[in-house]
Amino acid sequence: MGDRCGSFLIFCSFIALFGSSTEAADIFLEWDVAFNWTIAPANTDQPVITVNGMFPGPLINATTNDNIFVNVFNNIDEPLLFTWNGIQQRLNSWQDGVSGTNCPIQPGNNWTYAFQVKDQIGSFFYFPSINFLKSAGGYGPLRVNNRIVIPVPFARPEGEFDLLIGDWYSYSYKEARGVVSRKTYLLRISNVGTSVSFNFRIQNHKMVLVETEGSYTSQMELDSLDVHVSQSYSVLVTADQQTSSYYVVATPTQMDTSGLPSLNGVAVLKYMSSDVDVRSRVFYWSSEVHQEKLFIGTCFLGAARPNPQGSFNVSNVNITQTFILHSSNAIINDSLRFTVNNVSYFTPEIPLKLADFFFNGSGVYILDEFPVETIRDNAVKGTFVATGVHKGWAEIVFRNDLDVMDSWHLDGFGFFVVGFGDGEWSHSSRESYNLFDPVVRSTVQVYPGGWAAVYAFLDNPGMWNLRSQRLQNWYLGQELYVRVFDPNPDPTKERPPPQNLIRCGIVSINSTVSALAPSPGGLA
1 MGDRCGSFLI FCSFIALFGS STEAADIFLE WDVAFNWTIA PANTDQPVIT
51 VNGMFPGPLI NATTNDNIFV NVFNNIDEPL LFTWNGIQQR LNSWQDGVSG
101 TNCPIQPGNN WTYAFQVKDQ IGSFFYFPSI NFLKSAGGYG PLRVNNRIVI
151 PVPFARPEGE FDLLIGDWYS YSYKEARGVV SRKTYLLRIS NVGTSVSFNF
201 RIQNHKMVLV ETEGSYTSQM ELDSLDVHVS QSYSVLVTAD QQTSSYYVVA
251 TPTQMDTSGL PSLNGVAVLK YMSSDVDVRS RVFYWSSEVH QEKLFIGTCF
301 LGAARPNPQG SFNVSNVNIT QTFILHSSNA IINDSLRFTV NNVSYFTPEI
351 PLKLADFFFN GSGVYILDEF PVETIRDNAV KGTFVATGVH KGWAEIVFRN
401 DLDVMDSWHL DGFGFFVVGF GDGEWSHSSR ESYNLFDPVV RSTVQVYPGG
451 WAAVYAFLDN PGMWNLRSQR LQNWYLGQEL YVRVFDPNPD PTKERPPPQN
501 LIRCGIVSIN STVSALAPSP GGLA
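Laid out in structure tokens, this is it:
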């Protein structure tokens, strides 16, 4: 499976909804997930995953603390799971929708996800999480608006647009809706692609960065914005140019497309009442810079709760554990695999969360033998789980030994992005950390041959997926699970299994078994 070279897409949806009441609402959704052979985003005959006939799928428009119920009917011919990228699933990893937490929804069956967007705001998206299905679509935007009692740190925009950018097999074009001159709009931009980082820009327009995956930032004016795989941003754009039409462009950041305009994703920003054709197309190559070093957090306004939110200052926290994770690849059993510290993840028949609940993990995974700070001498494929200290601060250093841009994501938590660097990380690299106002986000990019360092406060018990967001890397083993365990059985600490729990593997055969004999399981 080589890297795909084809076109890049921009999809846009518009909805002018803002914060709702102060009370949490219940949102009930019913999704028919199916293949559609007529959409052809790449102008080729291939199936596209639609949700209720739509590609991209419908917007989930929620407000902080709302309860969301999504009844998914699987009408494709493969097992299916959805994950909610950036939604932290407080106390409830049972709804995370990845292979380590949920049995898949089998073809012809349905299952209802039930989760709360607890104490969160921001721009997110959902997508199919298993069997490489994300490359066929099935993704869509997910907003969490501020409650109306919480002021946001910018003036109310005229409207909001969700822009999904991503890589596909060939060039695609989609025109955006018209906008009113002199009004300001909020664009929620998500990279829903599988492997490519993009530079996003709007011809002749400035953007003001205001939010990254659930955290408001200190506002910064930008000409363009690098958006790496599975990252989301919110920017304000004012229609302050003469009435006309302008190109919206997403360009791959790690290739020169100046002579290959078809490799750019293109949409059109059209002013209302404009009959002027789009202006002369200007493509340019964005040289790779550590743009995110400039982004800093702000805790003064717009948090999810009215009470004080603490601070983005992490200079005084006590680090409980350190993970130093090298991403690379290796040939294992004559097959290409991607690895973390020379370990390639093997997916067992039973999700780790079920194994943990019913059997304490015995015979399914190996606990605490993952080399969290060293690299194994030989590459191995296995099911390893690392312990995350409950309510401890973890320092996680991602080292990219590959020659492509990587993105890392940890379900259940936000990252305090404290540092980037080139070459090898060392203890002295901590001297360059920004510990006073780092931005908080759920996905961090790691530059080729470089490193990124984050802090995470592990206050959310559960079994959590730590993965590469590059789809090929993830699919071929660049992931592990972190078990954050709280022994307190109080359901306010962690919710019990849902009543509609799907069972599979040994749990579906004999769910009354309380323990398995210890075995060297977990290696393949």
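Okay, so the sequence shown: first residue is 1 according to full-length UniProt numbering, each after it adds one.
Beta carbons are placed, not taken as given, at the ideal position from N, Cα and C, and that holds for glycine.
Under the three-state DSSP convention, the category residue i falls into
| i | result |
| --- | --- |
| SER508 | helix |
| ALA136 | helix |
| ARG90 | coil |
| ASP356 | helix |
| GLU160 | strand |
| TYR475 | helix |
| ARG430 | helix |
| residue 525 | Given that the chain is displayed from residue 1 to residue 524, the structure contains no residue 525 and the question cannot be resolved. |
| GLN95 | helix |
| LEU59 | coil |
| ASN307 | Any reading at ASN307 needs caution, since the residue's pLDDT is 44, under 50, leaving its predicted position unreliable; the model's value is listed next. In this structure, ASN307 counts as coil in the three-state DSSP scheme. |
| ASN341 | coil |
| MET207 | strand |
| TYR365 | coil |
| GLN499 | coil |
| LYS270 | strand |
| LEU336 | strand |
| HIS228 | coil |
| LEU325 | strand |
| ASN450 | Strictly speaking, residue 450 in this sequence is Gly, with Asn absent from that position. Reduced to three states, the DSSP call for GLY450 is strand. |
Strand pairing of residue i, partner residues [DSSP]
| i | result |
| --- | --- |
| MET463 | ARG483 |
| PRO128 | PHE82 |
| ARG376 | Beta-bridge pairing links ARG376 to no other residue. |
| TYR233 | ILE189 |
| PRO141 | PHE125 |
| ASN74 | VAL33 |
| PHE28 | PHE69 |
| GLN445 | SER407 |
Cα-Cα separation, residue i to residue j
| i | j | result |
| --- | --- | --- |
| PHE420 | THR83 | 28 angstroms |
| THR320 | ASP96 | 25 angstroms |
| GLU23 | SER197 | 38 angstroms |
| ILE366 | PHE359 | 13 angstroms |
| GLN46 | VAL364 | 37 angstroms |
| ASN131 | ARG201 | 32 angstroms |
| VAL249 | GLY214 | 24 angstroms |
| THR243 | ASP167 | 31 angstroms |
| PHE35 | SER328 | 34 angstroms |
| TRP37 | PHE127 | 19 angstroms |
| THR383 | TRP425 | 26 angstroms |
| SER99 | ILE105 | 11 angstroms |
| GLY505 | ALA155 | 52 angstroms |
| ILE76 | VAL444 | 32 angstroms |
| VAL268 | GLU221 | 21 angstroms |
| ASP377 | VAL507 | 35 angstroms |
| ALA114 | ALA355 | 21 angstroms |
| VAL380 | ILE396 | 22 angstroms |
| ILE150 | THR212 | 18 angstroms |
| ILE165 | ASP334 | 35 angstroms |
| LEU80 | GLN88 | 21 angstroms |
| ILE189 | SER135 | 18 angstroms |
Residue i and residue j closer than 7 angstroms at C-beta
| i | j | result |
| --- | --- | --- |
| TRP111 | VAL72 | yes |
| GLY450 | ASN400 | yes |
| PRO351 | ASN92 | no |
| ILE27 | ILE68 | yes |
| PRO386 | VAL484 | In the sequence on display, residue 386 carries Ala and not Pro. It is not a contact, given that the beta carbons lie outside the stated cut-off. |
| ASN85 | SER234 | no |
| THR238 | ASN199 | no |
| PHE398 | LEU325 | yes |
| LEU187 | LEU209 | no |
| ILE49 | GLY193 | no |
| PHE413 | VAL440 | no |
| GLY57 | GLY140 | yes |
| PHE312 | ASP119 | no |
Residue i beta carbon near the ligand SAH (any heavy atom closer than 6 angstroms)
| i | result |
| --- | --- |
| ASP377 | Although the ligand SAH was asked about, the structure shown includes no ligands whatsoever. |
Neighbourhood of residue i by C-beta distance below 6 angstroms, restricted to the same chain and skipping five residues each side
| i | result |
| --- | --- |
| ASP422 | GLY450 |
| GLU431 | none |
| PRO157 | THR184, TYR185 and LEU186 |
| ASP411 | ASP96, TRP464 and ASN465 |
Cutoff 7 angstroms: residue i Cβ touching any chain C Cβ
| i | result |
| --- | --- |
| PHE485 | In the structure shown, chain C does not exist; there is a single protein chain. |
Contacts around residue i, its chain only, beta-carbon distance under 7 angstroms, and the 5 residues preceding and following it disregarded
| i | result |
| --- | --- |
| VAL389 | THR320, GLN321 and LEU458 |
| ASP486 | HIS390, PRO461, LYS493 and GLU494 |
| TRP393 | VAL317, ASN318, ILE319, THR320, TYR455 and PHE457 |
Close Cβ partners of residue i (< 8 angstroms) along its chain, the five nearest in sequence each way excluded
| i | result |
| --- | --- |
| GLN116 | ALA24, ASN65, ASP66, ASN67, ILE68, ARG90 and ASN92 |
| ARG337 | ASN329, ALA330, ILE331, SER344, ALA379, LYS381, LEU476 and GLY477 |
| VAL404 | ASP3, SER195, GLN254, PRO448 and ARG470 |
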